[in-house]
Every structure is written in C-alpha cells, then in structure tokens.
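Colleague: Take this structure first; my questions come after.
Residue numbers (this note's numbering): 1140 to 1537.
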C-alpha cells in the first residue's frame, strides 16, 4: 500500500483585513510559501514535483486564472510543472492537500506541493453584465465573503449568511453569549501564549511587503489580542440578528495569508532521504443542511475516523477551524473532545481565517505540534464549509 507523507509545512503570518499584508498580492503570498518549502528541503529538486495544488475561495481578483499556476511560476518552478486551483470555499486549502494526496496515491507522481491562499483585503467588487442595453440600475457585489449572483431558484433557507447560520446553531444548541465570549477569549489567550512561547516559529515564513513608500517585514500573526477580556467582548453588539448572540468578537475575522505543505510517497521519502513530519492516514468530506453548515466537521470527522479505524479518543490534537464560537461549541457538543486537545495554540477567532488558506494553515499548525510529541501521535484538521459541507484530514506523527 502506498502512503503519502507531509514532509514539511509552512505558512505566512496571517494579516488583519487591511493590515500588514494588504500590500501583498495573493499569488505573491503563495509563491512565498512554495519557494520556502523548496529552500528548506534541498534534497527535493523542483523537477520532482508533479503538480502544485492551491485552494482559493475568491478567484474574482488577483487570484483569477488559476492562482496555483501563477504562483508556481512566480516562485521560479520549472515551466513543466502543472498548477491546479481548487475551490471548496472555507476548506479550499484542506481540499487541495487531500486532492494532491489522492493524486499521489493513484500513482500520478511521487512529490507534490499543496496549500491555500487568500487575500480578503484585496478581494474586488464585481458586477454582472446588464441584460438590457441601457440599464438604469446595476448591482455591485463585494466579493470579500458571502453570497453573490445567487440563483433565484435556490431555496432561501440555503442562502443564509455565514453569521446567520451561526445564530441558527446558537439557538439549536442553546449556546448563550457568555459561553461564546469565553470560547473567544480562550482562543486569544492560547494564541498569545503560543506567540510568547515561540510555538509558531518553525512554521512561519516572514513576508516583506511594500505598503505605499514603506517596506515592512511581517513575521507574526496580527490577530491575537493581548488585551482581550470578557468585559470588552461582552460590550460588542450582535451583528447578524437584533436579538442574537454572535458578535465580531466571537467570530473569526477577515484575513490575508498563505500556507503550503510538501507531500511525498514512501518511494520518494526513501529515495530522497527525507524525514517526514506526519503521514496522512485518512480524509473525508460530507454534506449537511446549508443552514447548519457549521456542523459539517461532525460527519466529516466520523467518516474519516471510520476509514482510519480510529476513535475520537485517539486524537492528541484536533485543529478545528473556529469560524464562529457558536459553531465550534456546537460541533464539540456532538463530537466531544477534551478541551486541552482542541486548538491548543488558539484558533481562527484569534489567529484569523483567510478563507482559502485556512485549511492548509490548520494542517501546518497541526503537524508542527505533533512533531513535538512521541511517534505515533495522532491528530485531525477539520472545518465547516459554506453551503453546508465539512472536510477532515487525519494525520499521524512518524
């Protein structure tokens, strides 16, 4: 049986919306992590790479026309290497890793790079072509996040905003505001502690960005707040419903960033003398009601665990993408995991959620945590996906 390993993984810092990475194009961010993987692993010639797979959720702006191909060219990879861009919304980066693994398992090559990228800051406005020759009105859509150009035949309950779906789960599972704010505070406290302990050093790649006339090197995530506290979180108004509980403080923010992993088969690992971080054991995707999209990780994890022959108790670390505190808490009600095993270094509420990048980001953070554990330590990366999906990836330290 062929195995596929994560040989290395790296990521840019995650920038705030209109923050330190706002001057960086998404294809340049992705090129940065692609180049870094090859720099760190000189045993791997670029000619060994079968394909570069990248997830990107927007693809309406500078990430158009196959950002994977654009990025690998900007990274200086040989012209003979192909690029494949995947869109599975929030799970685009994780799906890119899963799909690249599947390609290698099928015998199509022995080395690949996979990851994700998103610049939500640089997402453009778009407008449809007018149906009339001289339109009096023309709608413009912000592509940063959410629905646009929606099919009128789509049932209305399928087209709730992401925040509205979080409110659905908060009501269904009776998750109150205090519980959500406490979860958000935990995310910030853990992320700040991780930064203080330099726990992200091995995965971060500094990015030099020109913002106007100034050139700045960004080497840390911008999101974690040292001043976060329950009093401040409690004063924020609900965003998605007048009587709601989901706020900007207990939701993931808008962000920019890129992450990627270097994948190799058993044969390539032996031939090139590589020392992998982890083996990908199983992957899965699943669908749920769009209005309950936040529950997607539950069936996805269950399916992946069944394929691996594992149980929840086998997982030393679960990187659960924190789209919303309410959503994450609802998932953990259905999928109980010990608190200290879920996002030990903080999650997306603090670190950020650059949509197409996030699946690759949590995978990168996961495997670097596992490398500090004994051989055989097991972990999962999982996330909910807009329009009602979930994706999961199980890995084992080697």
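Backbone N, C-alpha and C fix where the C-beta goes; we use that ideal spot for every residue, glycine too.
1. For residue 1422, which option in 1415, 1412 and 1436 has the closest C-alpha, if you only look at C-alpha atoms?
2. Taking its Cβ as the centre, do 16 or more other Cβ atoms sit within 10 Å of residue 1279, making it buried, or is it exposed?
3. If contacts are defined as beta-carbon pairs under 8 Å, then residue 1146 and residue 1533 qualify, I think. What distance do you get, rounded to the angstrom?
4. On the three-state DSSP scale, how would you describe residue 1236?
5. Count the other CB atoms within 10 Å of the CB of residue 1347; is the residue buried (16 or more) or exposed (fewer)?
6. Would you be able to state if there are at least three C-beta pairs under 8 Å between the region 1378 to 1389 and the region 1301 to 1311?
7. Taking the beta strand (DSSP E) that residue 1370 belongs to, which residues open and close that run?
8. State the DSSP-derived secondary structure class of residue 1312, mapped to helix, strand or coil.
9. What did DSSP end up calling residue 1401 once you bin it into helix, strand or coil?
10. For residue 1533, list the residues DSSP reports as bridge partners.
11. Going by DSSP, what residues sit across from residue 1206 in a beta bridge?
12. Between residue 1488 and residue 1390, is the Cβ-Cβ spacing less than 9 Å?
13. In three-state DSSP terms, what is residue 1354?
14. Given residue 1234, which residues of its chain have a CB within under 8 Å of its CB, disregarding the five upstream and five downstream residues?
15. Please identify the residue among 1521, 1213 and 1294 whose C-alpha is closest to the C-alpha of residue 1237.
16. Taking the beta strand (DSSP E) that residue 1143 belongs to, which residues open and close that run?
17. On the criterion of 16 or more Cβ atoms from any shown chain inside 10 Å, does residue 1477 qualify as buried, or is it exposed?
18. Exposed or buried, what is residue 1367 when buried is set at 16 or more other beta-carbons lying within 10 Å of its beta-carbon?
19. Less than 8 Å between the CB atoms is what I'm expecting for residue 1397 and residue 1172, so what's the real figure, rounded?
20. Go to residue 1224, then tell me how far its beta strand (DSSP E) extends in each direction, as first and last residue.
21. Leaving out five residues before and five after residue 1526 in sequence, what residues of the same chain have Cβ atoms less than 8 Å from its Cβ?
22. Need the endpoints of the beta strand (DSSP E) that residue 1194 sits in, please.
23. State yes or no: is the C-beta of residue 1493 within less than 9 Å of the C-beta of residue 1358?
24. How many angstroms separate the CA atom of residue 1266 from the CA atom of residue 1206?
25. Please list the terminal residues of the continuous alpha helix (DSSP H) segment that includes residue 1168.
26. Taking the alpha-carbon positions, what's the residue 1300 to residue 1286 distance?
27. Is residue 1260 near residue 1319, with beta carbons less than 9 Å apart?
28. Could you say which of 1250, 1156, 1373 and 1246 lies nearest to residue 1407 if we only look at CA atoms?
29. Alpha carbon to alpha carbon, how far is residue 1218 from residue 1384? Give it in angstroms, no decimals.
30. Would you kindly report the start and end of the unbroken alpha helix (DSSP H) that includes residue 1468?
31. Is it buried or exposed, residue 1370, if we count other Cβ atoms within 10 angstroms and call 16 or more buried?
32. Based on DSSP bridge pairs, tell me the residues matched to residue 1257.
33. Give the straight-line distance between the Cα atoms of residue 1480 and residue 1163, rounded to the nearest whole angstrom.
34. Expressed to the nearest angstrom, what Euclidean distance is found between the alpha-carbon atoms of residue 1343 and residue 1469?
35. Spatial neighbours of residue 1216 within its chain, please: C-beta separation below 6 Å, excluding the five flanking residues on both sides.
36. For the putative contact between residue 1141 and residue 1405, defined by C-beta atoms under 8 Å, what is the C-beta separation to the nearest angstrom?
Modeller: Considering the structure as presented:
1. 1436
2. exposed
3. Not a contact, Cβ separation roughly 17 Å.
4. helix
5. exposed
6. yes
7. Note, residue 1370: premise wrong, no beta strand (DSSP E); alpha helix (DSSP H) at 1369 to 1373.
8. coil
9. strand
10. 1421 and 1519
11. Looking at the DSSP assignment, residue 1206 forms no beta bridge with any residue, so it has no partner.
12. yes
13. strand
14. 1194, 1225, 1227, 1424, 1498 and 1530
15. 1521
16. 1143 to 1150
17. exposed
18. buried
19. 5 Å
20. 1221 to 1225
21. 1228, 1297, 1429 and 1432
22. 1188 to 1194
23. no
24. 21 Å
25. 1165 to 1179
26. 7 Å
27. no
28. 1250
29. 51 Å
30. 1464 to 1473
31. exposed
32. 1396
33. 34 Å
34. 31 Å
35. 1185
36. 6 Å
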